[in-house]
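S.K.: Residue numbers (full-length UniProt numbering), protein chains in the order written: chain E, 1 to 231; chain D, 1 to 231; chain H, 1 to 231; chain G, 1 to 231.
There are 4 protein chains.
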Amino acid sequence: MKKGSKAAEPDTNGILSDTPRGDARRKYDPEQTKRNILDVATQEFSAMGLTGARVDAIAERTNTTKRMLYYYFGSKEGLYQAVLEKVYGDIRALEQDLHVSELDPVEGMRALVEFTFDYHDRQRDFVRLVTIENIHGAKYVEQVKSFKGRNVTVIHTIEDLLARGIAAGQFRSDIDPIDLHLLISSLCFHRVGNRHTFGTAFGRDPSHPRLRARHRAMIVDAVLRFVRKDD
Amino acid sequence: MKKGSKAAEPDTNGILSDTPRGDARRKYDPEQTKRNILDVATQEFSAMGLTGARVDAIAERTNTTKRMLYYYFGSKEGLYQAVLEKVYGDIRALEQDLHVSELDPVEGMRALVEFTFDYHDRQRDFVRLVTIENIHGAKYVEQVKSFKGRNVTVIHTIEDLLARGIAAGQFRSDIDPIDLHLLISSLCFHRVGNRHTFGTAFGRDPSHPRLRARHRAMIVDAVLRFVRKDD
Amino acid sequence: MKKGSKAAEPDTNGILSDTPRGDARRKYDPEQTKRNILDVATQEFSAMGLTGARVDAIAERTNTTKRMLYYYFGSKEGLYQAVLEKVYGDIRALEQDLHVSELDPVEGMRALVEFTFDYHDRQRDFVRLVTIENIHGAKYVEQVKSFKGRNVTVIHTIEDLLARGIAAGQFRSDIDPIDLHLLISSLCFHRVGNRHTFGTAFGRDPSHPRLRARHRAMIVDAVLRFVRKDD
Amino acid sequence: MKKGSKAAEPDTNGILSDTPRGDARRKYDPEQTKRNILDVATQEFSAMGLTGARVDAIAERTNTTKRMLYYYFGSKEGLYQAVLEKVYGDIRALEQDLHVSELDPVEGMRALVEFTFDYHDRQRDFVRLVTIENIHGAKYVEQVKSFKGRNVTVIHTIEDLLARGIAAGQFRSDIDPIDLHLLISSLCFHRVGNRHTFGTAFGRDPSHPRLRARHRAMIVDAVLRFVRKDD
DNA sequence: AATGAATGAGATTTCATTCAT
DNA sequence: GATGAATGAAATCTCATTCAT
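1. Output, in chain order, the set of chain D residues within a Cβ distance shorter than 7 Å of E:SER186.
2. Compare the Cα-Cα distances from E:ARG172 to each of D:ALA222, D:LYS34, D:SER75 and report the closest residue.
3. For D:ARG61, which of helix, strand or coil comes out of DSSP?
4. With H, G and I counted as helix, E and B as strand and the rest as coil, what does DSSP make of E:ARG228?
5. If you draw a straight line from the C-alpha of H:ASP174 to the C-alpha of H:ASP56, how long is it?
6. How would you list, in chain order, the residues of chain D whose beta-carbon sits under 9 Å from the beta-carbon of E:PRO206?
7. Give the secondary structure of G:PHE171 by DSSP, where H, G and I count as helix, E and B as strand, and everything else as coil.
8. Would H:MET109 pass as an interface residue toward chain G - the criterion being a Cβ-Cβ separation below 7 Å?
9. Could you check what DSSP says for D:ARG204 in three-state terms: helix, strand or coil?
10. According to a CB-to-CB cut-off of less than 9 Å, which residues of the segment 114 to 140 of chain H neighbour chain G?
11. Going by CA-CA distance only, name the one from D:VAL152, D:GLY169, D:SER207, D:GLU159 that's closest to E:ASP179.
12. So, is the C-beta of H:PHE226 closer than 7 Å to a C-beta in chain G?
13. Does DSSP put D:VAL144 in a helix, in a strand, or in coil?
14. So, at 6 Å on beta carbons, what are the nonlocal neighbours of E:SER46 in its own chain, with the 5 sequence-adjacent residues on each side left out?
15. Return the first residue and the last residue of the alpha helix (DSSP H) that G:ASP121 is part of.
16. From E:VAL154 to D:SER185, what does the alpha carbon distance come to, in whole angstroms?
17. Do the CB positions of H:LYS86 and H:LEU50 come within less than 7 Å of each other?
18. Is there contact between the segment 97 to 105 of chain E and the segment 96 to 108 of chain D, where contact requires at least three CB pairs shorter than 8 Å?
19. Listed in chain order, which residues of the segment 157 to 179 of chain G have Cβ atoms closer than 8 Å to some Cβ of chain H?
20. Starting from G:GLY52, find everything on chain H with Cβ-Cβ shorter than 9 Å and list it in chain order.
21. Which residues in the same chain as G:GLY169 place their Cβ atom closer than 7 Å to its Cβ, once the five residues preceding and following it in sequence are excluded?
22. Count the other C-beta atoms from every protein chain shown that fall within 10 angstroms of the C-beta of G:PRO209, then say buried if there are 16 or more, exposed otherwise.
23. Under 8 Å, with one C-beta from each stretch per pair, do the segment 135 to 152 of chain D and the segment 62 to 69 of chain E reach the 3-pair mark?
24. Identify the contact partners of residue 237 of chain H in chain G, using a Cβ-Cβ distance below 7 Å as the criterion.
25. According to DSSP, simplified to helix, strand and coil, what is E:SER186?
26. List the residues of chain D whose Cβ lies closer than 7 Å to the Cβ of E:ASN36, in chain order.
27. Quick test of your reading: D:GLU142 and E:THR200, contact by CB under 8 Å. State the CB separation rounded to the nearest angstrom.
28. From the beta carbon of G:PHE73, is the nearest beta carbon of chain H less than 7 Å away?
29. What separation, rounded to the nearest whole angstrom, lies between the Cα atoms of D:ARG195 and D:ASP160?
30. Buried or exposed: which applies to D:HIS156, given that a residue is buried once 16 or more other Cβ atoms fall within 10 Å of its Cβ?
31. For G:LEU98, report the span of its alpha helix (DSSP H) as first-last.
32. For a contact meaning CB atoms closer than 8 Å, what does G:THR200 contact in chain H?
33. Count the other CB atoms, across all protein chains shown, that sit within 10 Å of the CB of G:ALA138; report buried if there are 16 or more and exposed otherwise.
34. Mapping DSSP to helix, strand and coil, what is D:TYR28?
35. Are there 16 or more other CB atoms within 10 angstroms of the CB of G:PRO30, so buried, or fewer, so exposed?
36. With respect to the alpha helix (DSSP H) encompassing G:LYS66, which residues constitute its N-terminal and C-terminal limits?
If you want it as structure tokens, here you go:
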């Protein structure tokens, strides 16, 4: 009664989560019901955290009832895990489209960094959910089948770029691919995940378009300087 | 869910928060009572988040009762804010001790990065609390008087280093100090804050001593390469 | 103070508030559940006041649990407002049945006063709740939609009586209908609402049957003498 | 923390309760301390009721501490009773000044009604406290020594007026003095005690100066018409 | 006479979940 | 497959009162 469920902070973006209405709305469409619940839950968990999210609030913004949520996902935690699973799945699909192996190493590295930057910059829900998972010691994502070792793709990509760059005399030969991935992630993730405290501390919102462009260039620059071979 | 509150995950470290016992424990010592509550709360909030933390759990690990917690801090949120205030205050104190202005620009920059790295590496409570605040859109830290614009110190330090480095022909002249601070923070923060998902994804824990040293060197290297003037 | 909650002082009367059982008690009957809560709450709030009433005490005397009270009414205050709404609604219903327009002005006035007297005399819960609302500056009743300006009915009745009485040369023409309503209300309300202090002060309980009849006659008499045209 | 103690509604008037500072403020002045507590308590109880008043809130607005409140008055209830005692004492003092026995019966009756009207109109704290006592079944005032049978003075005054009026052929001979007192009280009390709901219901505040004058005249008129002998 | 710190008992409210249909 | 009503357990917070100085 008091606060209803204002939930949805200004913060969530729907990119991951639009419910496609597709064809004529059938009366009972389990798949659509599930998808609808999942979409709403993604927003709510992302906005409020696992403990902060309210089952009631999720149910309320759904086309169905709270009972269905339990019917399909068993528990609040189950729903949260389903959200994690979906969100990580979404990335994988995108990553496949990135064909850096066809590019010159420097250009490939630039493309990889820009892709990583853009992805984090847009998928705030994802960034938030990863953050939330870390608060919980990653114990839910550990149970997500599709997660374990999933990032090998990126690592392979980086290995390939490094190898070709070294061969071409462009890159240093003493860089660990996983460390490099961490470095790139750090630069792309932090400015999104911590933009609120950063904004409050410095009166400067990192998600502002002008800053966004500058940061993108800066990060690409920093990574390239880092991998480049000294003359 | 519903796990009672065993609180204290393996995760918290007590570096920020030991309660100094000083002399013999007096019966009425408000300062100590407050400090004691604050220390326990720091751990609990850091481990469980604002919504996840339980007032009962905090009180239980205290030398006093739940009632005192409300007596001194008014509400759960009030206590959380007091924790934020304390934690941010702790850093400021340390930052003062860092006299990079007496060092050569390159060495000063190295010292600054190493300090930042070490601080985040050790103060996991701090890193977690910042993360948690960002989940809440920084709305609590905004109300903390001592916070707004407090980081100017770091920025001034960076400005001084950059200016001297430029004058000495060592550094590039096109770097924005706040952007540079963000870059350094990103590198130091991310590996701590997101080490759980990172560890799960790559089977490699960034807080392991061996990795720790390597990351420290890598980050210093990356920053120096970034600021260094091209020949 | 601290008396647990034996609730129900000798004072409450159940006239407003019997729960009609209708047919066999069904398991799921939201309307009945709500009515049941409302009835018990009416007695408790009337007996103890808003702050004095205990949610636990209300729940205990209900066929359901405390939780349902929040499910349907949101908060203690919400329940209190619902009680006010119901109680004021009950009067309105009764007022409709009073067809004084068909009576001779003097007889009509007598009927109105007698009705007002009888209503207050019987509905002590109502009188107490109005008193309680006034302690709170009427701030809850102000939020009750159905309340604002609801008493127009009585005023219209009085206007009609006065107009007809003036036309017939029976009543004075200088009487404001709202003032007259206040006068009648005062006489009927005070002896009920303040009968305890009155009883203590004069050793005479105004609700005693013998006094009751005498007061009724006196009040009718006083009002008629007040409105009657001087010869 | 949440609401502090806004207490003091706009409603209370300080007429009963000014703390005279008299001579130079001595360091320890028990009488003044007690008076101060009593004055603040009068306002708080009058504004919030017995259950609604907060011991903390009272103490806060006092020049002393909560402990003293218990030191002098024993308990919240004890303080409340002391307030009742003081307030009733204040009236008695005033009533003595009313020498109606020297006036013509009609003028005496008018003077009595006007005095009663003015007293209630001004002493809202008193009116509220009486109301509050009635909510509690007058059980506290019963224990106030100075209360029981105190109103005999008024009754004697009325008896005297009636007797002289009857003797002079001005008043009816069938009026019970206590009933008449009740009638006068009703008219003077109700418009003050219930002015909030009345104001909300009819959009007309009975304490407005213009209405005040009209009501005063009306009530005097009504009483005189009631007691006057029919020709 | 006076005080700030402390407190136990109990108050209101919230939450994830299940029941009956 | 779907639903509105119901709920126990636990959470946050409040209150009058007392302790130690």
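We put the beta carbon where it would ideally sit given N, CA and C, even for glycine.
M.R.: In this structure, then:
1. Working through the first sequence from its first residue, we reach residue 186 of chain E at position 186. Under the 7 Å cutoff, chain D gives SER186, LEU187, HIS190, ARG191.
2. Walking along the first sequence from the start, residue 172 of chain E turns up at place 172. Minimum Cα distance to E:ARG172 is reached at D:ALA222.
3. Here residue 61 of chain D refers to the residue found at position 61 when the second sequence is read from its first residue. Three-state DSSP puts D:ARG61 in coil, outside helix and strand.
4. Here residue 228 of chain E is taken as the residue at index 228 of the first sequence, counted from 1. Here E:ARG228 sits in strand by DSSP.
5. Here residue 174 of chain H corresponds to residue number 174 of the third sequence, with the count starting at 1. Here residue 56 of chain H corresponds to residue number 56 of the third sequence, with the count starting at 1. Between H:ASP174 and H:ASP56, the C-alpha separation is close to 53 Å.
6. As a first step, residue 206 of chain E is located in the first sequence; it is residue number 206 there, counting from the start. Chain D residues near E:PRO206: LEU182.
7. The count along the fourth sequence starts at 1 and reaches residue 171 of chain G at position 171. The answer is strand: DSSP assigns G:PHE171 an E or B state.
8. To locate residue 109 of chain H, count along the third sequence from 1; it is residue 109. No, H:MET109 does not count as interfacial toward chain G.
9. For the purposes of this step, residue 204 of chain D is taken as residue 204 along the second sequence, with counting starting at 1. Coil.
10. ARG128, VAL130, THR131, ILE132, GLU133, ASN134, ILE135, HIS136, GLY137, ALA138, LYS139
11. Locating residue 179 of chain E in the first sequence gives position 179, where the first residue counts as 1. Nearest C-alpha to E:ASP179: D:SER207.
12. Walking along the third sequence from the start, residue 226 of chain H turns up at place 226. At least one chain G Cβ lies under 7 Å of H:PHE226.
13. Stepping through the second sequence from its first residue, residue 144 of chain D is reached at position 144. Of the three classes helix, strand and coil, the one that applies to D:VAL144 here is coil, per DSSP.
14. What you label residue 46 of chain E is simply residue 46 of the first sequence in a count that begins at 1. Around E:SER46: THR12, ASP125, ARG128, LEU129.
15. Translated into the one-based positions of the fourth sequence, residue 121 of chain G becomes position 121. Residues 105 to 122.
16. For this step, residue 154 of chain E is matched to residue 154 along the first sequence. For this step, residue 185 of chain D is matched to residue 185 along the second sequence. The alpha-carbon atoms of E:VAL154 and D:SER185 are separated by roughly 24 Å.
17. Residue mapping note: residue 86 of chain H aligns to position 86 of the third sequence, counting from 1. Residue mapping note: residue 50 of chain H aligns to position 50 of the third sequence, counting from 1. Taking 7 Å as the Cβ cut-off, H:LYS86 and H:LEU50 do not qualify as a contacting pair.
18. no
19. ASP176, ILE178, ASP179
20. Counted from its first residue, the fourth sequence places residue 52 of chain G at position 52. Those are GLY49, LEU50, THR51, GLY52, ILE135, HIS136, listed as they occur along chain H.
21. As a position in the fourth sequence, residue 169 of chain G is number 169, starting the count at 1. Answer for G:GLY169: LYS229, listed in chain order.
22. As a first step, residue 209 of chain G is located in the fourth sequence; it is residue number 209 there, counting from the start. With fewer than 16 Cβ atoms within 10 Å of its Cβ, G:PRO209 is classed as exposed.
23. no
24. Only positions 1 to 231 of chain H appear in the structure, and residue 237 of chain H is not among them; the question remains open.
25. Against the first sequence, residue 186 of chain E aligns to sequence position 186. If DSSP states are grouped into helix, strand and coil, E:SER186 belongs with the helices.
26. Numbered from its first residue, the first sequence carries residue 36 of chain E at position 36. Residues of chain D passing the Cβ test: none, with the nearest at roughly 23 Å.
27. As a first step, residue 142 of chain D is located in the second sequence; it is residue number 142 there, counting from the start. As a first step, residue 200 of chain E is located in the first sequence; it is residue number 200 there, counting from the start. About 5 Å; that satisfies the 8 Å criterion.
28. Position 73 of the fourth sequence, counted from the first residue, corresponds to residue 73 of chain G. Not an interface residue.
29. For the purposes of this step, residue 195 of chain D is taken as residue 195 along the second sequence, with counting starting at 1. For the purposes of this step, residue 160 of chain D is taken as residue 160 along the second sequence, with counting starting at 1. So the two alpha carbons sit approximately 32 Å from each other.
30. If you number the second sequence from 1, residue 156 of chain D lands on position 156. Classification of D:HIS156: exposed, given that the 10 Å Cβ count is below 16.
31. Within the fourth sequence, numbered from 1, the residue matching residue 98 of chain G stands at position 98. That residue, G:LEU98, is in no alpha helix (DSSP H); it is neither H nor E in DSSP.
32. The residue labelled residue 200 of chain G in the question sits at position 200 within the fourth sequence. Residues of chain H passing the Cβ test: ALA138, VAL141, GLU142, PHE147, LYS148.
33. To locate residue 138 of chain G, count along the fourth sequence from 1; it is residue 138. With 16 or more other Cβ atoms within 10 Å, it is buried.
34. In the second sequence, the residue the question calls residue 28 of chain D occupies position 28. Three-state result, D:TYR28: coil.
35. To locate residue 30 of chain G, count along the fourth sequence from 1; it is residue 30. G:PRO30 is exposed by the Cβ-count criterion.
36. Residue 66 of chain G sits at position 66 when you count from the first residue of the fourth sequence. Element bounds for G:LYS66: 66 to 73.
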